[in-house]
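If you read the protein sequences in the order shown, they are chains E and C.
Just so you know, our numbering puts 111 at position 111 of the first sequence, and the rest follows in order with no gaps.
Going from the second sequence to our numbering is simple: count from 1 and add 1000.
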Amino acid sequence: METVVIKTEKLTKLYKLSAEVVRAVDGVDLEIRAGEFVAIMGPSGSGKTTLLDMIGCLDAITSGKLEIMGQDVSQISESGLVNIRRGKIGFVFQDFSLLPTLTAMENVQLAPFFARQKESSATAKRLLETVGLSERARHLPRQLSGGEKQRVAIARALAVNPQFLIADEPTGHLDSKNSQTIFELLKELNDKQGLTVILATHDIGLGKQCKRIISLRDGKIQI
Amino acid sequence: MNIISISIKNLKRKKIRSVLTIGGVALAVAVLVSLLGFDKGYQKSLTDNIDKMGYQLLVTAKGCPYEAATMMLKGGGGLRYMEQKVYDNIRTDSRVDKISPQLVASTFDPELQKGQGGYALYMGINDDYLKLKPWAKFKSGGWFSGDDTNEVIIGFEAAEFEQRSVGDEVFIAGVGQVLKVVGIFERTGTQDDGMMFIPLKSAQRIFSLPGKLTGIGVKLKDIHQIAKFEEDLYSVPEIQIISMAQVRGTILNLVSSAKVLANAVAFIAIFIAAIGVMNTILMSVFERTQEIGISKAMGASRLDIFKFIWSETILICTLGGTIGCALAIVGSGFVEFIIKKILPYAPTGNLVSIEPKLLISALTGAVILGMASGIYPAWRASSMRPVQAIRSAE
């Protein structure tokens, strides 16, 4: 049995919108093990992003329990969460989120810099090669296509050698051909390197290719 | 990968905005450095000027304006005279090292200032005058041939302005006398440069002031005796004693109110520059909200973000400060020109003195300014919540 990477019990996130309280994530019980490739699916507003933010230690939880690599992080404040996510969690976002003044190579190198890890241009080069962009290392984000940008973002997420990768709609802004390329890349990383991938997507076609699907609706898991 | 190189890249992103902000800081620093440099330079050249008068004390008739500029303002009038016997008395005092009697007279000359008319200043002197001013040298010609001759020695500027050379004849308007130019002094950098000198006795004769003097310049053997010497002279009626230290203080007082105003302007400029820097950086922080969120997701701590933003403001102010110092050095000539036009009494010599010490403190000030104005934007950036920051563009 593989180690449990993420474990949640009655994980809940409430938002106050003026007078109304929104239960964005409502008592989710979940267990994700090392090497899994999980798709989190559901319509807009179903709580996918909120769930990923909490699992990714970007946002504090309201109630329930959250364990990352066996460590209970439920009580940790938002500012304290940086130490949990630093170097353990890789992020890929829908709109690529590269720093526009830095080249592809520098964007990849910045992640270990922030994560207090040794940054090496050799590693960054190797990662860009993995995502098939070794020729584009010196290009700025605006000189890259959407698909290329997202591949740089994946290389950047991998640069800190994360325990798991959170990809929030990584293909949301891409055409179907590029979407499939990005998906194949994540799948390959999962297959060959055993990287745990948690992917939020609208795309049923992509979801079906994952090993496991978790469906969310109104903040609750659908069975 | 280091903070400075990333900050430089960020500043380059909006080039015009960065250049304008840096320019604002540069201008403020340049104004401040020029003004502070002026303050130092002015005091120094004023002291030099007064030292170059050669005497420490000036004895005049009571109520006589001791400052040539004041006399000019009053239209050349207001001069008072004392008897020459005062001079004879003081001369015998054992504490006196050098002493020089002077008789200043002015006449209105309609030919002066390109036909507009103006006052010509004549000073009657004797051989003792040169003993008080051993540095005085002749550009051409030499000393008077006798002690009561119709001869004149002209100060450097007066000669240049009136286009006089040795051998020329000068007509004294109003008294109907003609003087022959026998000498022209080298530039001394003092008021003497604008004077016409004639023998003391000639002056008393020409201006019908027999046995009269306007001033006596006194240099003591020991400078520490000034106070006691002054006190002893208080008992002599109809005279007043002005020490040059006093003159210096009076002129500095005159200038100080202008200085306060100018300094206030400089500090307001600095304040505005600081607000400009803060505004620029704050704007760029808001524009980069999402990037800050991404950096935080990658593991950047609050301190990391703070350092990034802070280094940008410090960079702007350091650059601006450096350029400002350079501007102040280059522009000091211009500032001097303006100041000489504005001030009621401007000594000759370099009025703006920009020393390395001043430049170093100005640069340090600029860096501190950057630190201070960067705190708020950096704090705003560092306290952004990663979740909201990342999704700000959506």
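Beta carbons are placed, not taken as given, at the ideal position from N, Cα and C, and that holds for glycine.
Interface criterion met: the Cβ of residue 59/E is under 8 Å from a Cβ in chain C. Boundaries of the beta strand (DSSP E) around residue 12/E: 4-17. Closest in C-alpha terms to residue 1158/C, from the list 1121/C, 1143/C, 1126/C and 1142/C, comes 1121/C. Separation of residue 219/E and residue 8/E (C-alpha to C-alpha, rounded to the nearest whole angstrom) is 14 Å. In chain order, 79 and 82 make up the part of chain E whose C-beta sits under 9 Å from the C-beta of residue 1302/C.
Contact residues of the stretch 1367-1387 of chain C toward chain E are 1385, 1386 and 1387 (C-beta to C-beta distance below 7 Å). Put simply, of 1380/C, 1386/C and 1308/C the residue whose alpha carbon is nearest the alpha carbon of residue 1008/C is 1308/C.
Around the CB of residue 190/E, 16 or more other CB atoms lie within 10 Å, so the residue is classed as buried.
Interface criterion not met: the Cβ of residue 19/E is under 8 Å from no Cβ in chain C.
Listed by position along chain C, the residues whose Cβ is nearer than 9 Å to that of residue 109/E are 1001. Between residue 102/E and chain C, the shortest Cβ-Cβ separation is below 8 Å.
A direct Cα-Cα distance of roughly 29 Å separates residue 1350/C from residue 1098/C. Chain-ordered listing is empty here: chain C has no CB closer than 8 Å to the CB of residue 44/E, the nearest sitting near 11 Å.
For the pair residue 51/E and residue 25/E, the CB atoms are nearer than the 8 Å cut-off.
Judged by their CB atoms, residue 1218/C and residue 1181/C are not nearer to each other than the 8 Å cut-off.
Counting every other CB atom within 10 Å of its CB across the protein chains shown gives residue 169/E a total of 16 or more, marking it as buried. Listed along the chain, the chain C residues whose CB falls inside 8 Å of the CB of residue 115/E are 1298 and 1299. One Cα belongs to residue 149/E, the other to residue 96/E, and the distance between them is close to 6 Å. With contacts defined by Cβ atoms closer than 8 Å, residue 100/E and residue 140/E form a contacting pair. At a cut-off of 8 Å between beta carbons, residue 1018/C makes no contact with chain E. Residues of chain E with a Cβ closer than 7 Å to the Cβ of residue 1284/C do not exist; the shortest Cβ-Cβ separation is about 11 Å. Looking from the CA of residue 1302/C, the closest CA among 38/E, 13/E, 79/E and 20/E belongs to 79/E. Around residue 15/E, the same chain offers 22 and 24 as residues with beta carbons nearer than 6 Å, after the five sequence neighbours per side are excluded. Between residue 1028/C and residue 1269/C, the C-beta spacing is below 8 Å. Under the three-state reduction of DSSP output, residue 1249/C falls in the helix class.
Annotated three-state conformation of residue 1254/C is helix, per DSSP.
Linking residue 142/E to residue 1310/C through their CA atoms gives a straight-line distance of about 26 Å.
Taking a contact as a CB-CB distance under 8 Å, the pair residue 201/E and residue 171/E counts as one, their CB atoms being some 7 Å apart. Look at residue 1009/C: its C-beta is under 8 Å from a C-beta on chain E.
In the three-state reduction of the DSSP assignment, residue 214/E falls in the strand class, which pools E and B.
Interface residue (Cβ-Cβ distance to chain E less than 8 Å): residue 1290/C is classified as such. Residue 34/E sits close to residue 2/E, with the two beta carbons spaced by under 8 Å.
Within the stretch 1140-1203 of chain C, the complete alpha helix (DSSP H) runs of at least 4 residues fall at 1156-1162. Across the structure, residue 1298/C and residue 82/E are spaced so that their CA atoms are roughly 9 Å apart.
Not a single C-beta of chain E is nearer than 8 Å to the C-beta of residue 1392/C. Contact annotation: the stretch 1100-1120 of chain C touches the stretch 1205-1218 of chain C, with at least three C-beta pairs closer than 8 Å.
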